[in-house]
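Quick notes on the structure that follows.
Residue numbers (the working numbering), protein chains in the order written: chain A, 721 to 1022; chain B, 721 to 1022.
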């Protein structure tokens, strides 16, 4: 029987993941469901509470358990809105919201995201991963990249997120490879040289993106593309354009990438080709460490 | 009873349009259906013939009638492939394909598109509009823009298409406004100042596209966007990036825009703001004039 000291929850748009944590910081168990924010009725607390109980119910005894959650669950359309904290600020600790629950055992706190007024920007969930990176690398100062649907670049200094910038890169890749005319030319496979060349092309002339995108299709029609070339080139063009815009973040700076998946690999490859020293932190590890940091801070201030 | 001398057909992905033409060049009637290439089985000649007969059957008597068709009907997945003609070449006249039909009255010719080897590029349908522009403006020399799902810029000189470039701009707008996270912030309306400012932003720093796109959503969440701002800004960012890449085409040159719809208006506004002298030709008029030019050339060589 698992009886956690507290429970860590990462509740995003597509998934809900939970970890049963021991008092000594060990992970006792984990659970995951596909009941993400996108699956649940907007701002319907009872639906969220039911989904949470389905996931972590087996870990609950009689006594209330502290639960710390991050992610889209705190959006306006989520369980309850946890308003953004404006940067510069520490990535977690302030502004957590405690929703009322029917089940008295759920001592739940939802962490807010971060906002930046100008240029207008927001994050929700990534702030917890950044807190995790700070916990895993005490004294960390520098640039963190979080690849994803809406990738983020963050300047972190003295324990605070100083500024950040989001890019629609991942969503563009999904739409273009899945639903545009390019879907016929960006099937499975990954040709590393095509990726590297496309990153260079895009970095040197980012404006040409829309014509280079069309060229993927045209070249396939006219000359035929080897398997994996179209997909790698599409990714390279988009990541190259992001790197061109994010240059003030990485030029002459070491960069820490949060992520261990193929997308994070692509960012690491592209940055390394520009002579950037790249460090990696596993994203899940960062999420758990960030939720633990938030839990410790919330206990202090409780 | 309408008995045309010949029939002009523009058969694209989503629609088929036909015009019954008199011997003196007057238009006797027009017809349109939604049986575009996308609705018909790939490379199924009998389905295409049946769709064509549904549309123009009322105009047919006993005798064969000359029919000239342009557009995606000539793609590999269309009625029959009319292989691309490589530029530089005249926009129409060469390479027309005559498919066999069951109905002996259909003396059909399908016009090929144009291709460019490097940078790899293709067009299908637009070449006929360019031929129409040349017919409507005899002696035309210069730059023609064809806004659309895959907009085209073409250098035309001495009656030939010298080079051209396609941009995925229109398809990006459709995907982003219809299916990305931006769909929540790019509803109806059009704020002209937001469009103009976004064009300038994108022209001056095209690499920032993916972050500026995300900012549309973030600014709406944080500060609220007035109606029409998000949509106009999205369009301006994409068209501005296209203009940045197409600068060699328009800098210090008059430009002729083929189109009279709101999208063509947007291109005209953006180019005029850069001090470019813009002329306009109606796209349908150009299509008909181009098909007529092709018909005259095919008659000569028949």
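Yeah, the Cβ is synthetic: ideal placement off N, Cα and C, and Gly gets one too.
Task: Where the segment 871-887 of chain A meets chain B: residues whose CB sits under 7 angstroms from a CB there - done: With the criterion set as a beta carbon lying under 7 angstroms from some beta carbon of chain B, the members of the segment 871-887 of chain A are 885, 886 and 887, in sequence order.
Open item on the list: Using 8 angstroms for Cβ pairs, my map puts residue 871/A next to residue 883/A. What's the rounded Cβ distance?
Closed with: With a Cβ gap of about 15 angstroms, residue 871/A and residue 883/A do not count as contacting.
Open item on the list: Are the CB atoms of residue 805/A and residue 732/A within a distance shorter than 7 angstroms?
Closed with: Going by C-beta atoms, residue 732/A is not nearer than 7 angstroms to residue 805/A.
- [ ] Starting from the beta carbon of residue 750/B, find every residue of chain A whose beta carbon is closer than 7 angstroms, and list them in chain order.
- [x] In chain order: nothing, as chain A lies at least about 28 angstroms away.
- [ ] Just list the beta strand (DSSP E) runs in the segment 734-804 of chain A, keeping only unbroken ones of 3 residues or longer that don't cross its boundaries, in chain order.
- [x] Counting only unbroken stretches of 3 or more residues, the beta strand (DSSP E) elements lying wholly within the segment 734-804 of chain A are 736-741, 747-753 and 785-790, in sequence order.
- [ ] Would you grab the beta carbon distance between residue 936/A and residue 950/A for me? Rounded to a whole angstrom, and I think it's under 8 angstroms.
- [x] Residue 936/A to residue 950/A, Cβ: 5 angstroms. Contact.
Open item on the list: Residues in the same chain with beta-carbon distance under 7 angstroms from residue 973/B, minus the five sequence neighbours each way, listed in chain order, please.
Closed with: The residues 862 and 863, in chain order, have a CB closer than 7 angstroms to that of residue 973/B in the same chain once the five nearest residues on each side in sequence are set aside.
Task: Run of the alpha helix (DSSP H) containing residue 959/A, from where it starts to where it stops - done: Start and end: 949-965.
Open item on the list: Excluding the 5 residues flanking residue 966/A on each side, which residues of the same chain have their C-beta closer than 6 angstroms to its C-beta?
Closed with: Around residue 966/A: 873.
Open item on the list: Here's the rule I'm using: 16 or more other beta-carbon atoms within 10 Å means buried, otherwise exposed. How should residue 712/A be labelled?
Closed with: The first residue shown for chain A is 721 and the last is 1022, placing residue 712/A beyond what the model contains.
Open item on the list: For a contact defined as C-beta to C-beta under 8 angstroms, what are the partners of residue 1005/A on chain B?
Closed with: Chain B residues near residue 1005/A: none, gap ~26 angstroms exceeds 8 angstroms.
Task: Where residue 870/B falls: helix, strand or coil (DSSP) - done: Here residue 870/B sits in coil by DSSP.
- [ ] Would you mind telling me which residues of chain B sit closer than 8 angstroms to residue 914/A, beta carbon to beta carbon, in chain order?
- [x] The contacting residues do not exist; residue 914/A stays about 14 angstroms from chain B at best.
Task: DSSP three-state assignment for residue 827/B, whether helix, strand or coil - done: In this structure, DSSP gives residue 827/B an extended state, which the three-state scheme calls strand.
- [ ] Mark residue 953/A as exposed unless 16 or more other C-beta atoms lie within 10 angstroms of its C-beta, in which case mark it buried.
- [x] Residue 953/A should be labelled buried.
Task: Beta carbon of residue 1006/A nearer than 7 angstroms to that of residue 777/A - done: Their beta carbons are not under 7 angstroms apart, which means residue 1006/A does not touch residue 777/A by this criterion.
TODO: Mind checking the segment 892-906 of chain A against chain B and listing, in chain order, the residues whose C-beta falls within less than 7 angstroms of any C-beta there?
DONE: Result list: 892, 895, 899, 900 and 901.
Task: N-terminal and C-terminal residue of the alpha helix (DSSP H) that residue 915/B is part of - done: Element bounds for residue 915/B: 912-924.
Task: residue 1001/B in three-state terms, based on DSSP - done: Here DSSP, grouped into helix, strand and coil, assigns residue 1001/B to strand.
Task: Selection from 1019/A, 994/A, 905/A and 780/A that minimises the alpha carbon distance to residue 826/A - done: Across the set 1019/A, 994/A, 905/A and 780/A, the C-alpha of 780/A shows the shortest separation from the C-alpha of residue 826/A.
Open item on the list: If distances are taken between C-alpha atoms only, which option among 813/B, 741/B, 969/B and 860/B comes closest to residue 1019/B?
Closed with: From the listed residues 813/B, 741/B, 969/B and 860/B, the smallest Cα separation to residue 1019/B is found for 813/B.
Task: Nearest candidate by alpha-carbon position, reference residue 912/A, set 986/A, 795/A and 757/A - done: Minimum Cα distance to residue 912/A is reached at 986/A.
Task: Reference residue 998/A; option with closest CA among 984/A, 899/A and 868/A - done: Between residue 998/A and the set 984/A, 899/A and 868/A, the nearest pair of CA atoms involves 984/A.
TODO: For residue 1000/A, collect the residues of the same chain with a Cβ closer than 6 angstroms to its Cβ; drop the 5 residues on either side in sequence, then sort them by chain order.
DONE: Hits under 6 angstroms: 977.
Task: Partners in chain B for residue 735/A, counting only beta-carbon separations shorter than 7 angstroms - done: In chain order: nothing, as chain B lies at least about 17 angstroms away.
Open item on the list: Bridge partners for residue 985/B per DSSP, in chain order?
Closed with: DSSP lists no beta-bridge partner residue for residue 985/B.
- [ ] State the DSSP-derived secondary structure class of residue 806/B, mapped to helix, strand or coil.
- [x] The three-state secondary structure of residue 806/B, taken from DSSP, is strand.
Open item on the list: Please classify residue 961/A as buried or exposed, where buried requires at least 16 other C-beta atoms within 10 Å of its C-beta.
Closed with: The residue is buried, with at least 16 neighbouring Cβ atoms inside 10 Å.
Task: CB contact check: residue 933/B to chain A, cutoff 7 angstroms - done: With 7 angstroms as the cut-off, residue 933/B counts as an interface residue toward chain A.
- [ ] Note down, in chain order, every chain A residue with its Cβ under 8 angstroms from the Cβ of residue 942/B.
- [x] Within 8 angstroms Cβ-Cβ: 804, 835, 837, 840 and 842.
Task: Nonlocal neighbours in the same chain, by C-beta distance under 6 angstroms from residue 889/B, ignoring five residues either side - done: If we look at residue 889/B and ignore the five residues flanking it on each side, its Cβ neighbours are 871, 958 and 962.
Task: Under the three-state DSSP convention, the category residue 885/A falls into - done: In the structure shown, residue 885/A sits in a strand (DSSP, three-state: E or B).
Open item on the list: So that I know if they touch, is there some Cβ in chain A lying closer than 7 angstroms to that of residue 961/B?
Closed with: It does; some Cβ of chain A falls within 7 angstroms.
Open item on the list: Just to make sure I have the definition right: I need the residues of chain B whose C-beta is within less than 8 angstroms of the C-beta of residue 889/A. Which are they?
Closed with: The answer, in chain order, is 930.
- [ ] Measure the C-alpha to C-alpha separation of residue 1002/B and residue 857/B and round it to an integer number of angstroms.
- [x] Inter-residue distance for residue 1002/B and residue 857/B is about 12 angstroms (C-alpha atoms, whole angstroms).
Open item on the list: Against residue 964/B, what residues of chain A qualify as contacts under a CB-to-CB distance less than 7 angstroms, listed in chain order?
Closed with: Within 7 angstroms Cβ-Cβ: 927.
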